[in-house]
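Peer 1: Taking this note's numbering, the leading residue of the sequence shown gets -6, the next gets one more, and so forth. Every residue, glycine too, gets a C-beta built ideally from N, C-alpha and C. Source: prediction; values computed, not measured.
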Amino acid sequence: MPLLEPDPDALRPEAHPEAPASDRVPDDRAGGTPEPLGGDLTALLGAGKVLTGISDLVRYASDASPYRFLPRVVVVAEDIDDVSAVLSYAHGKGREVVFRAAGTSLNGQAQGEDILVDVRRHWTGVEILDGGARARIAPGTTIARANAALARHGRVLGPDPASAIACTVGGVVANNASGMTAGTDRNSYRTLASLTFVLPSGTVVDTAEPDADERLARAEPDLCAGLLRIKSEIESDAELTARIRAKYTIKNTNGYRLDAFLDGSTPVQILRGLMVGSQGTFGFISEVVFDTLPLDRRVTAGLFFFGSLPAAAAAVPFFTAAGASAVELMDGNTLRASVSVEGVPGDWADLPGPTTALLVEFRAPDEVTQEAYEERARAVLDGLTLVSPVASVTNTLTRDQRTVAGYWKARKAFVTAVGGARPSGTTLITEDFAVPPERLAEACEALLALQTRYGFDAAVAGHAAHGNLHFLLAFDASRADDVERYAAFMDAFCRLTVERFDGSLKAEHATGRNIAPFLELEWGPVATELMWRTKRLIDPYGVLAPRVVLDRDPRAHLRGLKTIPRVEAVADPCIECGFCESTCPSRDLTTTPRQRIVLRREMMRQPDGSPVEEGLLDAYGFAAVDTCAGDSTCKLACPVGIDTGALMKDFRHIRHSPREERVAALAARNFRALEASARLAVAAADRIGDRFGDRWVNAVTRVARKAVRPDLVPEWLPGMPGAAPAALPSTARVGAVAVYYPACVNRIFGSPGDVSLARAVVAVSERAGRPVWIPDDVKGTCCATIWHSKGYDAGNAVMANRVVEAAWGWTAGGRLPLVVDASSCTLGIAREVVPYLTPDNRELHESLTVVDSLVWAAEELLPRLTVHRTVGSAVLHPTCSMRHLGDEAQLRAVAEACADEVVVPDDAGCCAFAGDRGMLHRELTESATREEAAFVASRTFDAHLSANRMCEVGMDHTTGRAYYSALLELERATRAPAAYKTGKAGKAGGSGD
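Rendered as structure tokens:
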């Protein structure tokens, strides 16, 4: 055992609830997957594809819905052969299978109690066809990722759910999710060109194949005959046919798409339609080809406020008639809750109770059409009675992209913002229904009355143009009386929607577990029985997702409701939506932010010291704490800004012994000596590596890691850079327009090429007539990120206060900007040091202007520089710190000045190197950059550019390409031609190198 192995007990929750939760995982599940199930699947698929530990089962047990079901085993399928093997095994053993991709469905469709198959991790990719007119997409690809690829061709997918950054194409098709503009004519059912899917029997069907029906007839003759029989029965019943057609004149995803029997003429065509909205109960969708739509880039929008929900609903038809592409409704509860979303005006918290807003957007392909839409919109506005209850309300049309993006950010945060504002410890229910659009105002009044009757104060929002509303209810699932109140409300709500409005109980979220008991209420016995027959025909052994769509238990929607025990304050608002997962660097290695919180909540459900809690604690240190990159991009993805990375840093701090904290603080106080030693060690390792090979240095560090602790001793990776020059360039304080702070990482590690980064920054600044000064005493100071990222609070406080005091002096009390040459260090000094400062130093910090060197270059230098030469192509790796700072555009601007072609990979994300975390857990960086690295390796680039030395080292390691700062490329591009002959970068940068 390593000398400094942390004690898992340090992460044990300090206080459990008085009584264990009723839905806690029972003790007999603590051992994980039972045998022979685990052994059978491992033998069938291989150990790496089968997850059996209790921690793995618990983290997959929750999704964005109010339900929680613990699987017996989790399979991470890599290809169709794996899926077919699992289905065959389940058939032979009488087991059940549920497929899960993003886990963003709101009704429990991605949860199972037996074999759960993860079909996200290995199922990503987009192939553009016919110049963008079509796209072939793997099912684990997010909608946002697919649209990013299509945008370059001026195209977009029809479905546009608010969860586009997280939800996957497979899930969107399986639920027929639509979104803000899709309505009934742009959804998956209407825009799919073809599907490839695996039936429960293992038969693979590609609907695009010319002989698909012949193949299916040979493989599944009974299925083909049965589908045609049901088709004939429906078509011979005129009343039923008319009813089916009528049901889909408004948005409807409740039950199976019976109109597939009317729209398809062959078994394959029928199955193609049935698979859409089948919620994983008919088969696995392995590939989708979409017909795409034009991306109209000219946008005009407005946010218009009304005195009540019915008043806003009454205005919707006028905007629709004027040509609006989207009319989104947000009631007062939604608007007030959204103040937790960054950028939303704070005075929305003071909006009167009934205030309601409509977000109206018009999209046009050209200026003439855009002006025509705006003229119609103004005519509509002239006839409406709008309100301006707070100062930020303008009730005006705008073309400003940032303003429009802010409106949509507030709207898309509906579920998470309202959910985050719910009372702590309550469960969130998201309902989704549709009525004929012309009856929307009437439905709003009825819904408000129903809520009042049952004591709910729901938040309401939705796609008003399509008569589709969502509302959120919060109740305490641990209290039987509150569950019964919810049950009574649901019964009344479903009857109201069906009997008064002939509406859809699920407009776009699909039936799921919470509407399955009400399916027959909406569809009637004849149509419902046809759905049961169809399920038995396609899945005769009931292998796939039982009880997700069809369930005869009238109280099935009350089974499996999850309690939400209180956890640490930073994470307590989490509703487990999963928006954070697609950005998380460890998502394919260990756990995601959502799963870290899910595991923590299960610990709180358990009695203190239970076998389940012990099993979770044993795994949590590595799976949650150690392999968190701490980059906090989860905070950016979360609409309410939950920073799980910060929580993991807190946990790292909790695990430290007092002695470790003292040693870390001592290192901070003596950092000048530590920095010099680190630089000498890098230089020595580089020389040893040159003489004996990196393998020898790597072996030494691996031995040290085993002896001390893997999370403390970095591993020397092949190709690590050598040491930076011992001396920094000499500069003059007199005449300097900024203070230049070379980050410690750039004072320790060198950069490739003939010029150091510090020399390059000094040189380009002088060429632009904006000279910078490097203080003589920068050595021994640091942005404090070294300590912050590891949770060493005492050391963090020492260095944070030191660097701020020094910076205040260097910048003459903040009169000069402080230019920092590593993006993570810019973020550290600008923001992350603040909580650790003394009150006096917080005042000093407020006077500082901290500028990233890429921003300095883009905004201060580029306009004053002459570019003499460019490279043909450059690929960029924007760092996660740049995302936090909003500096990605400046990186691109500098790169575009240096290269004829600039590319940012669609899959670019946090590299997870995180200072030295990629050296502590190299597998983390390798996993985080897998898709980005594959793209970079797929073609040749002349330059590989970024803005942080350690991120560049991480990308070097995973791509095999040499990454370096974009400022080095800028220096080369603006260097006078004569300087290339001498190899000199210029007088200002010449000394000290």
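Whole angstroms is fine: what's the gap from VAL491's alpha carbon to ASP75's?
Peer 2: Distance between the alpha carbons of VAL491 and ASP75: 42 Å.
Peer 1: Using C-beta distances below 6 Å, list every residue in its chain close to ILE590, excluding the 5 sequence neighbours before and after it, in chain order.
Peer 2: Cβ neighbours of ILE590 beyond the five flanking positions: ALA564, CYS567.
Peer 1: Where do the N-terminal and C-terminal ends of the alpha helix (DSSP H) with PHE644 fall, by residue?
Peer 2: Where PHE644 is concerned, the enclosing alpha helix (DSSP H) stretches over 637 to 648.
Peer 1: For LEU185, report the span of its beta strand (DSSP E) as first-last.
Peer 2: LEU185 -> beta strand (DSSP E) spans 185 to 191.
Peer 1: What is the residue span of the alpha helix (DSSP H) that MET173 lies within?
Peer 2: Run containing MET173: none; DSSP gives neither H nor E here.
Peer 1: So, helix, strand or coil for ARG552, using DSSP?
Peer 2: DSSP places ARG552 in coil when its eight states are reduced to three.
Peer 1: How is the beta strand (DSSP E) around PHE311 delimited, first residue to last?
Peer 2: Where PHE311 is concerned, there is no enclosing beta strand (DSSP E), although the alpha helix (DSSP H) it sits in stretches over 302 to 314.
Peer 1: Using the three-state DSSP reduction, which class does PHE664 fall into: helix, strand or coil?
Peer 2: It is helical.
Peer 1: Quick check: what's the CA-CA separation for THR626 versus VAL542?
Peer 2: Computed Cα separation, rounded: 35 Å.
Peer 1: Excluding the 5 residues preceding and the 5 following ALA716 in the sequence, name in chain order all residues of the same chain whose CB lies nearer than 8 Å to its CB.
Peer 2: Excluding sequence neighbours, ALA716 sits near ARG672, LEU673, VAL675, ALA676, ASP679, ILE741, PHE742, GLY743.
Peer 1: Any contact between the segment 543 to 550 and the segment 199 to 218? By contact I mean 3 or more CB pairs, one from each, below 8 Å.
Peer 2: No, they do not touch.
Peer 1: Please report the straight-line C-alpha distance between ALA995 and ALA886, rounded to a whole angstrom.
Peer 2: Residue 995 is absent from the model: the chain starts at -6 and stops at 986.
Peer 1: As a quick exercise: from PRO64, LEU322, LEU288, pick the residue whose alpha carbon is nearest that of GLU89.
Peer 2: With distances taken between Cα atoms, GLU89 lies closest to PRO64.
Peer 1: Does DSSP put GLY608 in a helix, in a strand, or in coil?
Peer 2: Of the three classes helix, strand and coil, the one that applies to GLY608 here is helix, per DSSP.
Peer 1: What does the Cβ neighbour count give for ASP123, buried or exposed, with the cut at 16 atoms within 10 Å?
Peer 2: ASP123 should be labelled exposed.
Peer 1: Rounded to whole angstroms, what is the Cα-Cα separation between ALA170 and ASP770?
Peer 2: One C-alpha to the other measures close to 59 Å.
Peer 1: Which one or two residues does DSSP pair with THR349 in a beta bridge?
Peer 2: Beta-bridge pairing links THR349 to PHE299.
Peer 1: Quick one: using the 10 Å Cβ neighbour count with 16 as the cut-off for buried, is GLY728 buried or exposed?
Peer 2: With fewer than 16 other Cβ atoms within 10 Å, it is exposed.
Peer 1: Nearest-angstrom Cα distance between GLY412 and SER55?
Peer 2: Roughly 16 Å separates the two Cα atoms.
Peer 1: Ignore the nearest five residues each way along the sequence and tell me which others in ARG932's own chain have a CB closer than 7 Å to its CB.
Peer 2: There are no such residues.
Peer 1: If you compare alpha carbons, which of PRO(-1), ARG5, ASP0 is closest to GLY602?
Peer 2: Nearest of PRO(-1), ARG5, ASP0 to GLY602, Cα basis: ARG5.
Peer 1: Name the one or two DSSP bridge partners that THR423 has.
Peer 2: THR423 pairs with LEU465.
Peer 1: How big is the Cα-Cα spacing for ARG942 and TYR957?
Peer 2: About 7 Å.
Peer 1: Less than 9 Å separating the beta-carbons of ARG236 and ASP581?
Peer 2: It is not a contact, given that the beta carbons lie outside the stated cut-off.
Peer 1: Whether or not the segment 617 to 624 and the segment 570 to 580 are in contact is what I'm after, with contact meaning three or more pairs of Cβ atoms, one per stretch, closer than 8 Å; do they touch?
Peer 2: Touching, yes.
Peer 1: Based on Cα-Cα distance, which residue from VAL162, ARG446, GLY455 lies nearest to PHE407?
Peer 2: Measuring from the Cα of PHE407, the nearest candidate turns out to be GLY455.
Peer 1: Just the C-alpha distance for THR804 and PRO604, rounded to the nearest angstrom, thanks.
Peer 2: So the alpha carbons of these two residues sit roughly 57 Å apart.
Peer 1: State the Cα-Cα distance for the pair SER1043 and ALA205, rounded to the nearest angstrom.
Peer 2: The requested residue 1043 is not part of the displayed model; the chain covers only -6 to 986.
Peer 1: Exposed or buried, which one is SER156 when buried takes at least 16 other CB atoms within 10 Å?
Peer 2: Label assigned to SER156: buried.
Peer 1: Within a Cβ cutoff of 7 Å, which residues of the same chain sit near GLU964, ignoring the five residues on either side of it in sequence?
Peer 2: The residues are VAL748, ALA753, ALA756, VAL757, ALA978.
Peer 1: So, are the CB atoms of PHE664 and CYS818 less than 9 Å apart?
Peer 2: No. Outside cutoff.
Peer 1: Does ALA990 pass the burial test, meaning 16 or more other C-beta atoms within 10 Å, or should it be called exposed?
Peer 2: Because the chain in this structure spans residues -6 to 986, residue 990 falls outside the shown range and cannot be described.
Peer 1: What is the rounded straight-line gap between the Cα of LEU(-4) and the Cα of ARG824?
Peer 2: Residue placement at LEU(-4) is poorly supported in this model, since its pLDDT is 49, which falls under 50; the coordinates are not used for a value here.
Peer 1: In the DSSP assignment, what residue or residues form a beta bridge with HIS456?
Peer 2: Paired residue(s): GLU321, ASN461.
Peer 1: Since ALA153 sits in a beta bridge, which residues does DSSP pair it with?
Peer 2: In the sequence as displayed, the identity of residue 153 is Asp instead of Ala. ASP153 pairs with GLY172.
Peer 1: For ARG598, which of PRO1, ASP0, ARG968, PRO10 has the nearest alpha-carbon?
Peer 2: Measuring from the Cα of ARG598, the nearest candidate turns out to be PRO10.
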